Structures are given as C-alpha cells and as structure tokens.
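Protein sequence lines correspond, in order, to chains P and S. Residues 1 to 247 in our numbering are what the first sequence lists, from first letter to last. Residues 248 to 324 in our numbering are what the second sequence lists, from first letter to last. Yeah, the Cβ is synthetic: ideal placement off N, Cα and C, and Gly gets one too. Note that the coordinates shown come from a computational prediction; the quantities given were computed from them, not determined experimentally.
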Amino acid sequence: MSIEGKVALITGATRGIGKAIALELGRQGAVVVGTATSDNGATSITHYLQEAGVTGAGFCLDVGSNESVGAVIKAVQDQFGPVAIIVNNAGITRDNIMLRMKEDEWDSVLNTNLTSVYRMVKGCLRGMTKARWGRIINVSSVVASMGNAGQANYAAAKSGMEGFSRALAREVGSRNITVNCVAPGFIDTDMTSGLPEEHKLALQKQIPMGRLGQPEEVAAVVGFLASDAGGYVTGDTIHVNGGMYMS
Amino acid sequence: MSNIEDRVKKIIAEQLGVKEEEVTIDASFVEDLGADSLDTVELVMALEEEFETEIPDEEAEKITTVRLAIDYINAHQ
C-alpha cells in the first residue's frame with residue numbers, strides 16, 4: 001500500500017518548503033490539497049499542481065480561524081475524500097527581542113504556528129481513526145531545539161509543536177496513525193531571504209555542510225514519513241539542517 | 248425498541264471486538280468490555296453513523312454503559 005490516491009493536505013503551500021512538499025507527495029501519487037492565505041495563492045497552487053500532473057487543488061485558508069479550518073476541511077472531504085496525510089507547514093515570524101515583544105506578536109505567532117496544528121488535527125483525526133491509517137507531519141524548526149535570540153515566540157510555538165506531536169503519537173499509535181516533526185535549519189526560502197547578507201554568511205559558517213538547504217531536501221524527508229517506508233517512525237523529530245545542530 | 252437495542256449491541260460488539268453475548272445491558276465499556284478512551288470515542292462515532300445523529304461531546308462523555316447508549320439513542324430517534 002502506497003500513498004497513491006490518498007488525500008494529502010499541506011498548509012502554507014504557495015511557495016518554499018510547503019510547495020516542495022506538495023510536489024513531492026504529488027509525485028508519490030497522493031491527491032494534493034495545498035492551502036494559501038489568499039485566493040491568488042490558491043490559484044497558483046492549483047496551477048503548479050496541474051503543471052506537474054498532480055490531482056488536487058489550492059484552497060484559501062486562514063489557519064488562525066476555527067471557522068476557516070472547519071469549512072476547508074469539509075470542502076476538501078466533499079471534493080476529494082477524507083484527509084489521510086496532513087502536513088502542518090504554515091507559519092509566520094514576528095521577531096523581536098523579549099524586552100520589546102508585544103503581546104500581539106506573541107499571540108499571532110502562537111495562534112498561527114501552534115494552535116493551528118490543534119485545529120487542523122482535530123478536524124482530520126476522526127477520518128484517520130476510522131480509516132486506521134494516517135500521517136500527521138508538523139514542520140518545526142531547528143530553533144525549537146537551539147533557541148534563537150529574537151524568536152522567543154517562534155521557538156515556543158515550534159517546541160510546543162514537537163511536544164504536541166509526541167503526546168499525540170502516544171494517543172493514536174494503536175490506530176496506525178504516525179505523528180512526527182521535521183525540523184528544517186536554514187533553508188533557501190522567502191522566510192530566510194530577508195535576512196541581512198552578513199547574517200547569512202555568519203550562519204553558513206555554523207553549518208558543517210557550508211550552505212543553506214533547499215526546500216526539496218526538506219520535502220524528501222516529509223515524503224519519507226508520509227510513505228509506507230516511514231510507517232514505524234512516530235513521535236520523532238527529524239532534523240534537516242546540514243549539521244548546524246546535532247542532538 | 249428491541250430493534251434499536253439489537254443494533255446498538257451489535258455495534259458495540261463490533262467496535263470493541265467482543266462477543267455479542269458479552270454485551271449485556273449493564274456492561275460498562277471500560278470496566279467490563281475492555282475499552283480504552285479512544286475506543287469509546289470511536290464507539291460514539293459508529294453510533295452516530297448508524298443512527299444518523301450527532302452526539303455532542305458533553306453527551307458522549309456520559310455514555311459509558313450499554314444501557315446508557317441504548318437510552319440515548321431511544322431518546323434521540
């Protein structure tokens with residue numbers, strides 16, 4: 001049994017890591033639903049899936065809203081069937097040093113990056129339980145393990161995601177549902193392209209591989225966890241960071 | 248009445264993987280039939296499907312025995 005024909009839902013799939021994951025799961029034969037925060041983004045997802053010959057569509061979704069999550073999961077189910085693979089990838093940053101961090105910077109990062117995982121999983125878990133098959137893959141960050149000055153909110157959300165995954169893995173293992181995190185390091189995406197050049201060079205010096213990672217290198221690990229080959233891996237966090245952090 | 252009772256008992260036996268004769272009217276899912284908390288949620292899901300009804304979480308939590316399940320379905324048909 002492969003993931004051929006199974007419905008995979010990937011949040012934050014417009015570009016970067018999310019897009020690479022959508023294409024990787026599509027390559028494995030999954031029906032792919034990618035979500036974006038805007039209608040334009042959803043259209044571009046539909047386009048790139050079509051171009052790659054992948055069955056599926058882009059949907060507009062606000063992972064920060066219960067109503068939006070409920071509506072999209074229902075629409076996906078009606079159009080394609082129950083979600084079997086969920087990849088919580090959508091995330092934002094609102095960096096600030098703690099002494100200056102506003103409560104809304106804290107709240108928005110926690111809501112979009114962590115509470116969204118609760119919402120998405122809650123919406124899909126019944127179907128997975130019934131099917132006796134499911135894959136929940138949460139895209140964390142190396143920052144969850146290492147910490148990073150200016151990212152107390154982001155690190156809290158990502159660490160929270162990893163703890164959530166371990167707890168849920170224990171709950172649903174008996175139903176053949178695996179729950180894991182993939183923790184990218186510095187990956188060449190829009191999220192990191194905004195960093196100042198000297199900051200980037202300094203970072204590269206800390207990476208044994210001496211370069212930033214590519215989105216496809218993260219997607220390959222997500223693809224493994226989603227596939228049958230990854231079926232005995234659960235409650236784990238797999239690091240994809242060129243060696244910048246080793247536990 | 249007995250029809251509902253039979254259908255409920257059949258679902259309980261299927262969901263919890265026990266023999267139908269073990270599903271006596273006063274049996275508790277957890278204590279007598281070996282269900283864990285996930286089993287009881289799935290059991291409620293199966294009842295919802297069979298009887299085309301939606302059981303709110305706060306009601307579902309109270310359905311802990313065969314009798315309570317039958318009573319609930321009878322009251323909400």
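As assigned by DSSP and simplified to three states, the class of residue i
i	result
P:Lys130	helix
P:His47	helix
P:Ile177	strand
P:Gly242	coil
S:Met248	The predicted position of S:Met248 is uncertain, since its pLDDT is 48 and thus under 50; a value taken from the coordinates is nonetheless stated next. DSSP places S:Met248 in coil when its eight states are reduced to three.
P:Thr237	strand
S:Tyr319	helix
P:Ile207	coil
P:Ala75	helix
P:Asp249	Here chain P comprises residues numbered 1 to 247, so residue 249 of chain P is not present and cannot be evaluated.
P:Met120	helix
S:Ile259	helix
P:Ser65	coil
P:Asp95	coil
P:Phe224	helix
S:Val265	coil
P:Ile17	helix
S:Phe298	coil
P:Val172	helix
P:Lys158	helix
S:Asp304	helix
Beta-ladder partner(s) of residue i, from DSSP
i	result
S:Ser275	S:Thr312
P:His199	DSSP, once it has assigned bridges, lists no residue as partnering P:His199.
P:Phe59	P:Thr35
P:Asn152	Note on residue identity: the sequence assigns Ala, not Asn, to residue 152 of chain P. Paired residues: none, contrary to the question.
P:Gly265	Given that chain P is displayed from residue 1 to residue 247, the structure contains no residue 265 of chain P and the question cannot be resolved.
P:Ile137	P:Val87 and P:Asn180
P:Ile10	P:Gly34 and P:Val87
Buried versus exposed call for residue i [16 or more other C-beta atoms within 10 Å across all chains shown]
i	result
S:Thr271	exposed
P:Ile97	exposed
P:Gly213	buried
S:Met248	Legend: pLDDT at S:Met248 = 48, less than 50; position of this residue unreliable, value from coordinates given subsequently. Exposed is the call here.
P:Gly18	buried
P:Asn66	exposed
P:Pro215	buried
S:Thr300	exposed
P:Met209	exposed
P:Lys158	buried
S:Asn346	No answer is possible for residue 346 of chain S: it lies beyond the span of chain S, which begins at 248 and ends at 324.
P:Ser193	exposed
P:Glu198	exposed
P:Ala13	buried
P:Ser2	exposed
beta-carbon residue i near the ligand MN non-hydrogen atom, thresh 7 Å
i	result
P:Met161	Annotation note on the ligand MN: not contained in the displayed structure, which lists no ligands.
Where residue i meets chain S, residues with beta-carbon distance less than 9 Å
i	result
P:Thr129	Leu285, Val288, Glu289 and Met292
P:Glu171	Ser284 and Leu285
Chain-ordered neighbours of residue i on chain S, where CB pairs are closer than 8 Å
i	result
P:Val175	The question names Val, yet the displayed sequence has Arg at residue 175 of chain P. Residues of chain S passing the Cβ test: Leu285.
Neighbour list for residue i in chain S, Cβ cutoff strictly below 7 Å
i	result
P:Arg126	Met292
Contact the stretch 257 to 264 of chain S vs the stretch 195 to 209 of chain P: 3+ CB pairs below 8 Å: With contact defined as three or more Cβ pairs closer than 8 Å, the stretch 257 to 264 of chain S and the stretch 195 to 209 of chain P are not in contact.
Stretch-stretch touch, CB-based, cutoff 8 Å, three pairs: the stretch 174 to 191 of chain P with the stretch 237 to 246 of chain P: Taking 8 Å as the limit for Cβ pairs, the verdict is that the stretch 237 to 246 of chain P does touch the stretch 174 to 191 of chain P.
Segment contact flag, the stretch 76 to 89 of chain P with the stretch 143 to 156 of chain P, C-beta cutoff 8 Å, min 3 pairs: Verdict: no, contact absent.
The stretch 26 to 43 of chain P / the stretch 100 to 110 of chain P touching (three or more Cβ pairs under 8 Å): No, the stretch 26 to 43 of chain P does not touch the stretch 100 to 110 of chain P.
Cβ pair count under 8 Å reaching 3, the stretch 145 to 160 of chain P against the stretch 107 to 123 of chain P: At 8 Å Cβ cutoff, the stretches touch.
The stretch 166 to 173 of chain P touching the stretch 216 to 230 of chain P, judged by at least three CB pairs closer than 8 Å: Result no; under three Cβ-Cβ pairs closer than 8 Å.
At least 3 beta-carbon pairs within less than 8 Å: the stretch 115 to 124 of chain P vs the stretch 38 to 49 of chain P: The stretch 115 to 124 of chain P, when compared against the stretch 38 to 49 of chain P, does not touch it at the 8 Å Cβ threshold.
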